[in-house]
Amino acid sequence: MILSRHSDTLNIFRAVTDISCIVLAWIIAFIFRFNIEIVAVTRGQDTLYNYLRLLPLLILSYLFIFLSSGIYKKTLEKRRIWEENFQLLKNHTISFFIFVTLSYFIYEHRYSRVTLIIFFFITPFLLSFGRSLVRKVNRFYLKLKKTKKKVIIIGTGPSSKRLAKSIQDHADWNLQLLSCHSFSEMNAVDMYLKSSNVDLVFVVPSANETASVNDIYMHLDKNLSDILLIPYLGEKIFFEPNPIRFEGITALALNSSGLQHYGLFLKRLFDILFSTTFIILFSPIYFICALMVKLSSPGPIFFKQERMGLDGKKFNCIKFRGMYVNAEEKSGPVWAKANDDRTTRIGKWLRKTSLDEIPQFFNVLKGDMSVVGPRPERPVFVDNFKEQIPGYMLRHKAKAGITGWAQINGWRGNTSLEKRIECDLWYIQNWNIWLDFKIVLLTPIKGLIHPNAY
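Its first residue numbered 1, the sequence shown is counted upward by one per residue in the UniProt record's numbering.
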């Protein structure tokens, strides 16, 4: 395909350049440490061979994180240089710590900490230089080709207008927009096809033109121009459509989440490591909270409640009990509210500080939940909300989380449910491991204590 072929080649070139820069940084770090000796060597000279042995692990660590982050995702969206460099820096940081941790357990040889520090600081500069080189080579290649691919658009709806603007704004796509036509102007289209050697035709139907697509295609098949169909999918598609092939038949998956394959593995690895560390480090807090709950009112320390998680499966969500036993015996299933008389004195404090939620890290270790994701809801409320809010059930395309994108953006408790769902769906569609890190880091600042937590 005209658009994807160059994009694929460019991404391969980016990946090869990134790995080359990482390997070069590793060798330079060794030279600075042991040949130039910017810091005096006091424990004996090491050999380059010992460091070259680590290259397979180094390359795999970086490739795994870089691929998981989506930095090589095939797209025609133009990236700002500072955004690209910032993403490279983030990927480099996590890759470095994974590499150092794995090398410590896999190899008996102890490597120079000075070498590792040098490598850590020079790699971002080399990666940035490498990407700059890729951009220059790409621009040179496009200039060398001289001729741009000639394009026409059939369709006059909002999508076709956005497409036309994107083509005009992106010189790096190497496309020249000749004209836009409505579905009723096929005579003009024929004229362009015959006289202008059109390379690519975009067919972009609006709602009332979808039935005419087959006629348009039959009309265009007398020419050798490539044809790209941008189907009309309605005004409310929550996730980016994902094409799937079935024995020559192409289907569009309309509700596939951004969490796929190695991303799921990486997220699960993070969940286990973070939850285990949290439980160990904050075990005294667990003990103090448990003691306060036990002394504050009769009843169990923990409160288990059925919630809905990934793929609509139900599980028992664990919390420190913040209400009196049988609190819903009279009221039935209702959300907690301000000055709720069902809440114990200690429970009010636990819920206000979100400390009642920390037993859910055991839910994470069990696999029912994730550290980051949409907050789990009770099935009785889900049955109600899914009828009222479009796209509500799509939030169950990811594991429920202890914290989430909605929570750090202020949509917690008695706030707009629509805005909360909008945040949840955005998170699922745009997930990457760095987004999880960002949410975790912002949770103590923006999500831990909230006026709507009661």
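Glycine included, every Cβ here is placed at the ideal spot set by N, Cα and C.
With 16 other Cβ atoms within 10 Å as the buried cut-off, status of residue i
| i | result |
| --- | --- |
| K313 | exposed |
| N432 | buried |
| R321 | buried |
| R110 | exposed |
| K319 | buried |
| F66 | buried |
| F287 | exposed |
| N363 | buried |
| L281 | exposed |
| Q388 | exposed |
| D311 | exposed |
| T344 | buried |
| A251 | exposed |
| I244 | exposed |
| M218 | exposed |
| V203 | buried |
| P444 | exposed |
| Q360 | buried |
| W173 | buried |
| K143 | exposed |
| S20 | exposed |
Endpoints, beta strand (DSSP E) assigned at residue i
| i | result |
| --- | --- |
| I154 | 149 to 154 |
Cα-Cα separation between residue i and residue j, rounded to whole angstroms
| i | j | result |
| --- | --- | --- |
| M1 | I227 | Only weak support exists for where M1 lies, its pLDDT of 49 falling under 50; the coordinates are left without a value. |
| R14 | L229 | 29 Å |
| R33 | I122 | 13 Å |
| H170 | V151 | 13 Å |
| V440 | V372 | 7 Å |
| D341 | S354 | 18 Å |
| K386 | I421 | 11 Å |
| Y141 | I117 | 37 Å |
| K161 | K136 | 30 Å |
| L437 | F274 | According to the sequence shown, residue 437 is Phe rather than Leu. The alpha-carbon atoms of F437 and F274 are separated by roughly 10 Å. |
| Y454 | W349 | Note on Y454: pLDDT 45, under 50, position unreliable in the model; the coordinate value appears next. Spanning the two alpha carbons is a distance of roughly 9 Å. |
| T156 | L10 | 31 Å |
| M186 | T17 | 46 Å |
| M308 | I36 | 60 Å |
| E357 | L264 | 23 Å |
| I291 | I106 | Just to set this straight, residue 291 is Leu in the shown sequence, not Ile. Using only the alpha carbons, I get a separation of about 42 Å. |
| S184 | S212 | 10 Å |
| L365 | Q429 | 24 Å |
| L58 | Y262 | 18 Å |
Which residues DSSP lists as bridging residue i, in chain order
| i | result |
| --- | --- |
| M308 | K314, E377 |
| G401 | S370 |
| T343 | M323 |
| S179 | I152 |
| T250 | R245 |
| L200 | V151, D226 |
| F302 | F320 |
First and last residue of the uninterrupted alpha helix (DSSP H) at residue i
| i | result |
| --- | --- |
| V189 | 186 to 195 |
| F239 | Element bounds for F239: n/a, residue is neither H nor E. |
| G410 | Unbroken run through G410: none, as it is neither H nor E. |
| P284 | 283 to 296 |
| A164 | 158 to 169 |
| D424 | 417 to 429 |
| D436 | 433 to 442 |
| L67 | 55 to 68 |
Assumed close pair residue i, residue j - CB separation to whole angstroms, cut-off 8 Å
| i | j | result |
| --- | --- | --- |
| S370 | D271 | 5 Å |
| L55 | V100 | 14 Å between Cβ atoms; not a contact. |
| W411 | C423 | 6 Å |
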